[in-house]
Structure formats: structure tokens, C-alpha cells
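J.:
Number of protein chains: 2
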Amino acid sequence: MLARYRTLIEPALRDTVASLHPWVGDKAAFTLGWAGADGTSIEEHGGKGLRPALALLCAEAVGGAAEQAVRGAVAVELVHAFSLVHDDIIDNDERRRHRDAVWKAYGVGPAVLTGDALLALAIDSLSRTGDPTAMSYLSRALVELVQGQTRDMAFESRPWTGPDEVTVAEYTRMAEGKTGALLGAAAATGVALGGAPQLAEPMWTMGCQLGVAFQIVDDLLGIWGDPLVTGKPVHGDLRRGKKTVPVLAALAGDDPAARELAAVLASGATDERTVRQAADLVEKAGGREAARALAAQHLTAALDLLDEHLPDATDLRALSASLATRSH
Amino acid sequence: MLARYRTLIEPALRDTVASLHPWVGDKAAFTLGWAGADGTSIEEHGGKGLRPALALLCAEAVGGAAEQAVRGAVAVELVHAFSLVHDDIIDNDERRRHRDAVWKAYGVGPAVLTGDALLALAIDSLSRTGDPTAMSYLSRALVELVQGQTRDMAFESRPWTGPDEVTVAEYTRMAEGKTGALLGAAAATGVALGGAPQLAEPMWTMGCQLGVAFQIVDDLLGIWGDPLVTGKPVHGDLRRGKKTVPVLAALAGDDPAARELAAVLASGATDERTVRQAADLVEKAGGREAARALAAQHLTAALDLLDEHLPDATDLRALSASLATRSH
Numbered sequence: 001m002l003a004r005y006r007t008l009i010e011p012a013l014r015d016t017v018a019s020l021h022p023w024v025g026d027k028a029a030f031t032l033g034w035a036g037a038d039g040t041s042i043e044e045h046g047g048k049g050l051r052p053a054l055a056l057l058c059a060e061a062v063g064g065a066a067e068q069a070v071r072g073a074v075a076v077e078l079v080h081a082f083s084l085v086h087d088d089i090i091d092n093d094e095r096r097r098h099r100d101a102v103w104k105a106y107g108v109g110p111a112v113l114t115g116d117a118l119l120a121l122a123i124d125s126l127s128r129t130g131d132p133t134a135m136s137y138l139s140r141a142l143v144e145l146v147q148g149q150t151r152d153m154a155f156e157s158r159p160w161t162g163p164d165e166v167t168v169a170e171y172t173r174m175a176e177g178k179t180g181a182l183l184g185a186a187a188a189t190g191v192a193l194g195g196a197p198q199l200a201e202p203m204w205t206m207g208c209q210l211g212v213a214f215q216i217v218d219d220l221l222g223i224w225g226d227p228l229v230t231g232k233p234v235h236g237d238l239r240r241g242k243k244t245v246p247v248l249a250a251l252a253g254d255d256p257a258a259r260e261l262a263a264v265l266a267s268g269a270t271d272e273r274t275v276r277q278a279a280d281l282v283e284k285a286g287g288r289e290a291a292r293a294l295a296a297q298h299l300t301a302a303l304d305l306l307d308e309h310l311p312d313a314t315d316l317r318a319l320s321a322s323l324a325t326r327s328h
Numbered sequence: 001m002l003a004r005y006r007t008l009i010e011p012a013l014r015d016t017v018a019s020l021h022p023w024v025g026d027k028a029a030f031t032l033g034w035a036g037a038d039g040t041s042i043e044e045h046g047g048k049g050l051r052p053a054l055a056l057l058c059a060e061a062v063g064g065a066a067e068q069a070v071r072g073a074v075a076v077e078l079v080h081a082f083s084l085v086h087d088d089i090i091d092n093d094e095r096r097r098h099r100d101a102v103w104k105a106y107g108v109g110p111a112v113l114t115g116d117a118l119l120a121l122a123i124d125s126l127s128r129t130g131d132p133t134a135m136s137y138l139s140r141a142l143v144e145l146v147q148g149q150t151r152d153m154a155f156e157s158r159p160w161t162g163p164d165e166v167t168v169a170e171y172t173r174m175a176e177g178k179t180g181a182l183l184g185a186a187a188a189t190g191v192a193l194g195g196a197p198q199l200a201e202p203m204w205t206m207g208c209q210l211g212v213a214f215q216i217v218d219d220l221l222g223i224w225g226d227p228l229v230t231g232k233p234v235h236g237d238l239r240r241g242k243k244t245v246p247v248l249a250a251l252a253g254d255d256p257a258a259r260e261l262a263a264v265l266a267s268g269a270t271d272e273r274t275v276r277q278a279a280d281l282v283e284k285a286g287g288r289e290a291a292r293a294l295a296a297q298h299l300t301a302a303l304d305l306l307d308e309h310l311p312d313a314t315d316l317r318a319l320s321a322s323l324a325t326r327s328h
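Protein chains in written order, with this note's numbering: chain A, 1 to 328; chain B, 1 to 328.
1) Which residues in chain A sit within 7 Å of residue 203 (chain B), going by Cβ to Cβ distance?
2) Identify each residue in the region 95–109 of chain A for which the Cβ-Cβ distance to at least one residue of chain B is less than 7 Å, and report them in chain order.
3) In whole angstroms, what separates the C-alpha of residue 116 (chain B) from that of residue 88 (chain A)?
4) Could you check what DSSP says for residue 19 (chain B) in three-state terms: helix, strand or coil?
5) Determine the DSSP secondary structure at residue 157 (chain B), reduced to helix, strand or coil.
6) Between which two residues does the alpha helix (DSSP H) carrying residue 114 (chain A) extend?
7) So what does residue 41 (chain B) bridge to, in DSSP terms?
8) Quick check: the region 143–161 of chain A against the region 115–129 of chain A, are at least 3 beta-carbon pairs closer than 8 Å?
9) Residue 267 (chain B): buried (16+ other C-beta within 10 angstroms of its C-beta) or exposed?
10) In whole angstroms, what separates the C-alpha of residue 329 (chain A) from that of residue 295 (chain A)?
11) Are residue 66 (chain A) and residue 5 (chain A) touching if we call contact CB-CB under 8 Å?
12) Can you check whether the CB of residue 126 (chain B) is closer than 8 Å to the CB of residue 120 (chain B)?
13) Quick one: what does DSSP say residue 304 (chain B) is sitting in, helix, strand or coil?
14) Under 7 Å between beta-carbons, which chain A residues line up against residue 185 (chain B)? List them in chain order, please.
15) Can you check which of these residues, A:271, A:52, A:289 and A:274, is closest to residue 219 (chain A) by C-alpha distance?
16) If residue 368 (chain B) and residue 62 (chain B) are in contact, beta carbons under 8 Å, what's the gap, nearest whole angstrom?
17) DSSP beta-bridge partners for residue 414 (chain A)?
18) Please classify residue 110 (chain B) as buried or exposed, where buried requires at least 16 other C-beta atoms within 10 Å of its C-beta.
19) If we ignore side chains and look at the alpha-carbon of each, how far apart do residue 178 (chain B) and residue 186 (chain B) end up?
20) Tell me which residue opens and which closes the alpha helix (DSSP H) that residue 321 (chain A) is part of.
21) Nearest to residue 201 (chain B) by alpha carbon, out of B:56, B:302 and B:15?
22) Taking 8 Å as the CB-CB limit, is residue 142 (chain A) close to chain B?
23) Of all Cβ atoms in chain A, is any one closer than 8 Å to the Cβ of residue 241 (chain B)?
24) Note the first and the last residue of the continuous alpha helix (DSSP H) segment covering residue 205 (chain A).
25) If the criterion is Cβ atoms closer than 8 Å, does the pair residue 147 (chain B) and residue 21 (chain A) meet it?
26) Just to confirm before moving on: does the CB-CB distance between residue 298 (chain A) and residue 245 (chain A) stay below 8 Å?
27) Can you tell me whether DSSP reads residue 298 (chain B) as helix, strand or coil?
28) Would residue 416 (chain B) be called buried (16 or more neighbouring beta carbons within 10 Å of its own) or exposed?
29) What whole-angstrom Cβ distance do residue 141 (chain A) and residue 182 (chain A) have, given they're in contact under 8 Å?
30) Can the beta-carbon of residue 257 (chain A) be found closer than 8 Å to that of residue 223 (chain A)?
31) Once DSSP output is grouped into helix, strand and coil, what is the label at residue 88 (chain B)?
32) Measuring straight from C-alpha to C-alpha, what distance separates residue 2 (chain A) and residue 210 (chain A)?
33) For a cutoff of 8 Å on Cβ pairs, would you count residue 149 (chain A) as touching chain B?
34) Name the chain A residues that come within less than 9 Å of residue 124 (chain B), Cβ to Cβ?
35) Relative to the alpha-carbon of residue 286 (chain A), which residue among A:247, A:316, A:262 and A:322 has its alpha-carbon at the smallest distance?
36) Measure from the C-beta of residue 132 (chain B) to each C-beta in chain A and report whether the shortest distance is under 8 Å.
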């Protein structure tokens, strides 16, 4: 299903990026998985294109043609790429999709500029539609994206327990911004460009809910995912002390396992044995199960909104459901 | 004159920034000169506010109220702030307006995020007007800004002389993007929001011309400006080997001074005596005079557009002229 949409989006995406000065265009091509750092082009490239596919499916779901939403799809994919490039700088992550992060491959300055270029192209792409509703949701998503990333950073200096601990509710608010907003913008711009701006608000909410589910699944994979499938180290998020839902939910319980987990986390140890013990304690304290239930709850909220507003959109429903049940 | 506009813009700017999470809001306040890195607020702050004043004056010049263009003015000021924060990272500049650069004060990651936050707020501010013409010029400016910054970076690895030398024409194209585009967006959004979208295109061109003049004056100050007034080291641009108009224009001549200058630059020496010698040779080879003439030519082009389209806008004309005749 995604392949069909990719054939619509990719030529438009390549056209847009081709307008860049080659100095930054090469780095953008690397970012989007089209080329290696040495400039050689890559045929089978990464990037699942979920966000642009969501935009096109939303346009079709309201009776429009997928083509009407291509600029919106290109915009959300470019914003997504921008956010990955800058997040890797901000989070000091050296690897992305089994390759060097952009800043690692080209340096921090060029990576900042490449991210800015992708964002500028995104705004410009959508602006060319002249659709103020679509633009208002993309700009809302940009603000929410930055706010979400900020909350995530601010979590780092907060304690695991006590009055200043991060709650699951705060996490949810963070994930709505960091992951939900851009899915919300994809859905909202899709219906707006497809001819149904009155559905933009519920589809924004739908995408935000979907994003929270997506992020929680990501958290689960970050602890228990198969490294061969995810491309990320096993227990990576635990080793880095990231405040993810399974851990926060486990700590919120007041049983012996939760208290033992708190002590282990407070020790700050990151050796293999300790991290494995922490993962086991998260599970024992019910964190894994609580995270699964929370993801299911947000996915249901998203699907309920689809059922209410776009009951016949079976492909859209299938794509949305697949986002929160993926294994990588 | 600028004080009146500042009283219109600053409350709106502060309101907009207040919506940020405090973690990044504090860094945005530092960026905008409202607070020190320790959080203490600053009464007399920097930032001349030329771009927002230009937007408001343009709205008034077409018979609108300045208030109509406040969101446009806020947007261009925020984009300007964004670009300074990221440019200082990209150019590895440690100082800005007699203070630490944002990345120097808070670290690179937080500075990337602060810049992104300012840009997101800018887009969102203008998007709330629902004016597609204004938005189209802001997004065009963003793309041009990034392209200009890219050209400037790409100049660094080009030789001073020979077939790959940077020409004055290439420089002009770079400056149109790096400095002109945002002034163009200020003027274009100003007239669009003021009720005359049909004047947006000529005002965009006017602003771009003004920006080239502004940038050339900046180049002149970067070599011969008084460090006490500019806050920058004497001969700073020469020491860093920046490709500025006075130097490029001097090298374009084929007299003994130009050849001697080329040899001095090729030596790569940055001691005080060599840099002073280079400055003298630039002047002797006619680079200072040529740069002044080029700045005047671009300023005249801008003023001619104002005279043609907005002949009664005396305040706007005065502000525009002052931009290209400043001493700091």
C-alpha cells in the first residue's frame, strides 16, 4: 500500500530538494537516505514514509485525489527529516538508521544548516498551496514539536522519584508534541488539502493520539525490542536513563519491585547486569503491561475518531493501526 | 521614530515568546537581549528592531494601520533572531552584540533547539493572520536565507583568484539571500497585511536591494569600522579571510596593488602587520571605493522602487536610507 504513495511523493520530494544549492543538497540527499556521505546514490533507501502516506490517505478519505495533498505530504516528510537531523545534534546521537547521524558525517555546523534547509523547504512547499488551514496545522505542529523536544530534554534533569518526578501524564503531553503533532499535521493537512478543512481539527487530534501510541511502542522496543530488527542496542534507553513510559509507569506503582527499581535507577550504574535487572524489575512492577495498555488506549482513541468522522476509510484505518503495532 | 514601533512590537514579541516552555523560554529571552544568561532581566536591550519597523512602516505606507502588520513584524524579528543563533553555531562565532553567543552560553544542543523554537514561533505567528501572500513571502525568505548562508559557507573553500574565484556578482546573489530576503519579507508582509498584496512583489525586490546595500556597508565596517562602535575587532573579516565585497572588488582590478593583495591573501598570514597591509592594499586597489559605489547603487535601486510605488512614504524612505548609511 505504501509503495503506491511513495511513487507519488518521492518525485515531488526530489524536485523540492533539487532546488537547494548543491553544497547543502548533497547533505539533504544523505539525510533522506538517497545517497551515501561520499555522494554515491542509494537505490533501496530507508524512511518508511508513514507521515506522507497518512496525508495522502486522509485526502482520499474525504473524497479528494491523493495528488491534491502532495505538497502537504512533502512538507511533513521534510519537517520529519529536519527534526531527526537536529534531534541527533541535541541528543548527541551518533547513529541513525544504521548510518552515521548527519552531524557525525558532516560536522555540527553543516548539520544545523541542512536541518534548517529542510524546514525552509517544508514551509515553502506547503505555502505554495495557499491553503491557510493546512499551514496553520503545520505551524502548530512545529511549535508543538519544539515544545515536546524541550520537555523531553527538561525531563533529563528531573529525579526518578519524589515530588519532582516525571508523571505519565507529563510524558503523554511530551509525546503529543514530540511525536503526535507531526502525525496530527499530516492528517489535518491531508483532509484540508483534500477539500474538507472542517475535519482538520478532529484529524489533528487523531494524529496526536496516534503519535502517543507510536511513541510508547517505541519506548517498549527501546527496552525489549530485538536489536537486529530495531537497529538500536538492547536496553539502550535504560542504559541512557531515558524517562520512558514503561519505567515511569513501573515507578508509579508502590510495590516492592517498584521500590527496588527506584533504588537501581538511583544508583546510576549502566553495566549489563544492572541494566538487565532494571528491565526485569520494570516488567515485574507492571511497567511493560501498563505501557502496552496505555498505547492501546491512545490507539483506540485515534481509531474512534476515524470511525466517527471517516467510517469508510479502511486503508487509512489499517495504516493508523499498523503504526502502533510495529516491531521496528 | 523606531521607539514608537518598538512599543507596538515588543509586547507582542514577549507574549509570543511567553508561550514557550520556560527551559527554552529563558534561552530565547537571552537571545533577544531581554535577560542575562543567569536569568536577570535587562532593561536597556540591544536589537535595533529595523526589520519589524520596516514591516509596520510598509503597512502604514499603503494606508493600513501599523497594528495590522504586528504579526508580520514579530515573525521577521523572530526569524532574524533564529538566523543569528544558528549562524553563530555554523560560523563558530563566540560573541554577538558584546555578549556570549547563545551556543557559548548554553551549549550547542540547547542553542539549536532555541533557534528552532524561535523559527517555529515566527511561522506560527504569521500563520495566525491567515494571509497566504504574507506567508508566501516569509517562506520564500526562509529558503533564500538558507541558500544565502550556504553560498557564504561554500565561498570559504574557493580561491581568491583564478577561474574559481568568487565574483562580485556571486557575492551579490549571496547577500540577496543572506541579508536581503528577510528585509524583503518584512516589506512584502507589511504591505500585504496593510491591505496591498499587489505591492508585495516590488516591495520584496526593494527589501532585497536594501539588504545587499546593508551587507556591503557591513563589509566596509568589518574592515574599517571603529571597533568601539561596531563591537567587532578591527580588520576582523580580513583576518578571517572572509570573501567580502571590498576585497573581491579590489582583486577584480588588474593593477599592481590587486596583484600584491592577491599574494598577501594567498600567504594566509593573519598577523597585525599583514592584515593592516591587506586593508591598505584593498583601498589602494580601489576596493573600498568600489564597495561604496556598489552599496549606493543598490540603495538607489531600493529607493527608486519606493519612489515609484509609495512616493508619499517619507518615513519609510528615511528608514530605508538610514540602513545603508549606518556606522555600526
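Backbone N, C-alpha and C define an ideal beta-carbon position, used for all residues, glycine too.
T.: Put simply:
1) Residue numbering aside, residue 203 (chain B) sits at position 203 when the second sequence is read from its first letter. By Cβ distance, chain A contributes nothing, its closest Cβ being about 18 Å from residue 203 (chain B), past 7 Å.
2) Listed by position along the chain: 108 and 109.
3) Numbered from its first residue, the second sequence carries residue 116 (chain B) at position 116. Numbered from its first residue, the first sequence carries residue 88 (chain A) at position 88. If you take the alpha carbons of residue 116 (chain B) and residue 88 (chain A), they lie about 14 Å apart.
4) Counted from its first residue, the second sequence places residue 19 (chain B) at position 19. When DSSP states are grouped into helix, strand and coil, residue 19 (chain B) belongs to the coil group.
5) Sequence index remark: in the second sequence, residue 157 (chain B) carries index 157 (1-based). Coil.
6) Along the first sequence, read from residue 1 onward, the residue named residue 114 (chain A) stands at position 114. Its alpha helix (DSSP H) spans residues 108–127.
7) The residue labelled residue 41 (chain B) in the question sits at position 41 within the second sequence. B:35, per the DSSP bridge assignment.
8) Segments in contact, no.
9) Walking along the second sequence from the start, residue 267 (chain B) turns up at place 267. Exposure of residue 267 (chain B) is indicated by the presence of fewer than 16 other C-beta atoms within 10 angstroms of its C-beta.
10) The structure shown has nothing for residue 329 (chain A), since chain A only spans 1 to 328.
11) Mapped onto the first sequence, residue 66 (chain A) falls at position 66. Mapped onto the first sequence, residue 5 (chain A) falls at position 5. In this structure, the beta-carbon distance from residue 66 (chain A) to residue 5 (chain A) falls below 8 Å.
12) Residue 120 (chain B) sits at position 120 when you count from the first residue of the second sequence. Residue 126 (chain B) sits at position 126 when you count from the first residue of the second sequence. If you check the CB distance, residue 120 (chain B) and residue 126 (chain B) do not come in under 8 Å.
13) For the purposes of this step, residue 304 (chain B) is taken as residue 304 along the second sequence, with counting starting at 1. In the structure shown, residue 304 (chain B) adopts helical secondary structure according to DSSP, grouped into three states.
14) Here residue 185 (chain B) corresponds to residue number 185 of the second sequence, with the count starting at 1. Listed along chain A is no residue with a C-beta nearer than 7 Å to that of residue 185 (chain B); the closest approach is about 12 Å.
15) In the first sequence, the residue the question calls residue 219 (chain A) occupies position 219. Ranking the options by Cα distance to residue 219 (chain A), first place goes to A:289.
16) This structure gives no information on residue 368 (chain B), because the portion of chain B shown stretches from 1 to 328.
17) Residue 414 (chain A) falls outside the range modelled here, since chain A spans only 1 to 328, and no answer is possible.
18) The count along the second sequence starts at 1 and reaches residue 110 (chain B) at position 110. Residue environment analysis places residue 110 (chain B) among the buried positions, since at least 16 neighbouring C-beta atoms fall within 10 angstroms of its C-beta.
19) What you label residue 178 (chain B) is simply residue 178 of the second sequence in a count that begins at 1. What you label residue 186 (chain B) is simply residue 186 of the second sequence in a count that begins at 1. Taken atom to atom, the span from the alpha-carbon of residue 178 (chain B) to that of residue 186 (chain B) is near 14 Å.
20) Residue 321 (chain A) sits at position 321 when you count from the first residue of the first sequence. Residue 321 (chain A) -> alpha helix (DSSP H) spans 314–323.
21) What you label residue 201 (chain B) is simply residue 201 of the second sequence in a count that begins at 1. Nearest option by C-alpha distance: B:302.
22) Position 142 of the first sequence holds residue 142 (chain A). It does; some Cβ of chain B falls within 8 Å.
23) Against the second sequence, residue 241 (chain B) aligns to sequence position 241. Not flagged as an interface residue toward chain A: residue 241 (chain B), since no C-beta distance is shorter than 8 Å.
24) Here residue 205 (chain A) refers to the residue found at position 205 when the first sequence is read from its first residue. Start and end: 200–224.
25) As a first step, residue 147 (chain B) is located in the second sequence; it is residue number 147 there, counting from the start. As a first step, residue 21 (chain A) is located in the first sequence; it is residue number 21 there, counting from the start. If you check the CB distance, residue 147 (chain B) and residue 21 (chain A) come in under 8 Å.
26) Here the question's residue 298 (chain A) lines up with position 298 in the first sequence. Here the question's residue 245 (chain A) lines up with position 245 in the first sequence. For residue 298 (chain A) and residue 245 (chain A), no; Cβs fall outside 8 Å.
27) Taking the second sequence and counting its residues from 1, one reaches residue 298 (chain B) at position 298. Here residue 298 (chain B) sits in helix by DSSP.
28) Lying outside 1 to 328, the shown extent of chain B, residue 416 (chain B) is not represented and no answer is given.
29) Working through the first sequence from its first residue, we reach residue 141 (chain A) at position 141. Working through the first sequence from its first residue, we reach residue 182 (chain A) at position 182. With a Cβ gap of about 5 Å, residue 141 (chain A) and residue 182 (chain A) count as contacting.
30) Here the question's residue 257 (chain A) lines up with position 257 in the first sequence. Here the question's residue 223 (chain A) lines up with position 223 in the first sequence. Not closer than 8 Å, so no.
31) In the second sequence, residue 88 (chain B) corresponds to position 88, counting from 1. It is helical.
32) Within the first sequence, the letter at position 2 stands for residue 2 (chain A). Within the first sequence, the letter at position 210 stands for residue 210 (chain A). Rounded to whole angstroms, residue 2 (chain A) to residue 210 (chain A) spans 18 Å at the Cα level.
33) Locating residue 149 (chain A) in the first sequence gives position 149, where the first residue counts as 1. Closer than 8 Å: yes.
34) Position 124 of the second sequence holds residue 124 (chain B). Those are 136, 139, 140, 142 and 143, listed as they occur along chain A.
35) On the first sequence, residue 286 (chain A) is found 286 positions in, with the first residue counted as 1. It is A:247.
36) Position 132 of the second sequence holds residue 132 (chain B). Yes, contact with chain A.
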